[in-house]
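Engineer: Sending over a structure as structure tokens; questions will come in a sec.
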Amino acid sequence: MDLARPDLAPRSVSFGPLTIAYDARVLTPRPWTVLQAEWARELLAEAPPGPVLELCSGAGQIGLLTVHGTGRRLVCVDVDPVACGYAAANARAAGRGDLVEVRQVALDGLPRDEVYPLIVADPPWVRTDQTGCFPADPVLAIDGGVDGLRVARECVAAVDRHLHAEGSALLQLGSVEEARRLRDELPPTLELVDVRAEAGCGLVLLLERP
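With the first letter of the sequence shown counted as 1, position 88 gets the number 83 in this note's numbering; the numbers rise by one all the way through.
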């Protein structure tokens, strides 16, 4: 830790039954995103065998809560080395160090032959011109590009490459308008099946194969 930067001191927050560590360089885990993990757990109960994939994992809280209490393996993917470090540390703290693989790679960096029965993604979805409205949040973790959907589109492409034929993907977005625009851009190999929302916070899209 940089002793000249007290804001980089590790912090922790409860996320369901888990305690998640992070610091100011990583997006603070939002309590309402437990919704995504709980929905993922519902889907996981009926999902085909195989590991869960978490895209834009940050500190790993959504993926870790998804697989909590199960024997499922988890692969966390993020481009931020600090976030990846916390995801690995949080996996160890949750007693899952041997069941979680953390990869610091771009969303198109996964081997093409990897297939996952469940994919969860919490991409940045704030428009670039609005990131200044959230000074406490790391820009890398919230900047979704000009229209807020740049990273979400990359997630959809990754889902299309790696989702099992009978699998499910849960993608978090910031607004109904974003959801409508992304729905209209989906490839024919994916469809929007359902949406769940937390009032005033965001929403989660369920994508599956047609």
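All C-beta atoms, glycine included, are put in the ideal place defined by N, C-alpha and C.
Keep in mind that this is a model prediction, so the values were computed, not measured.
What residues match up with Cys71 in a beta bridge as DSSP calls it?
Structural biologist: Answer is Glu49, Val97.
Engineer: If you scan the stretch 168 to 203 from start to end, which runs of the alpha helix (DSSP H) of 4 or more residues do you find wholly inside it?
Structural biologist: As for any alpha helix (DSSP H) of minimum length 4 sitting wholly inside the stretch 168 to 203, the runs are 171 to 180, ordered along the chain.
Engineer: Ends of the alpha helix (DSSP H) at Leu38?
Structural biologist: 29 to 39
Engineer: Pick out whichever of Glu161, Leu168, Arg204 has its Cα sitting closest to the Cα of Trp120.
Structural biologist: Leu168
Engineer: Taking only three categories from DSSP, how would you classify His157?
Structural biologist: helix
Engineer: Could you tell me which whole beta strand (DSSP E) segments of length 3 or greater appear in the stretch 101 to 134?
Structural biologist: 111 to 116
Engineer: What's the call for Pro46, buried or exposed, on a 16-neighbour Cβ count within 10 Å?
Structural biologist: buried
Engineer: Can you tell me whether Thr61 is buried or exposed, with buried defined as 16 or more other CB within 10 angstroms of its CB?
Structural biologist: Under this definition Thr61 is a buried residue.
Engineer: Please state whether DSSP places Ala86 in a helix, a strand or coil.
Structural biologist: Ala86 carries a helical assignment under DSSP once its states are collapsed to helix, strand and coil.
Engineer: Indicate whether Tyr111 and Leu181 have their beta-carbon atoms separated by less than 8 Å.
Structural biologist: no
Engineer: Which residues does DSSP pair with Leu166 in a beta bridge?
Structural biologist: Ala116, Leu200
Engineer: Cα separation between Val208 and Pro76?
Structural biologist: In the structure as shown, the chain begins at -4 and stops at 205. Residue 208 is therefore absent and cannot be evaluated.
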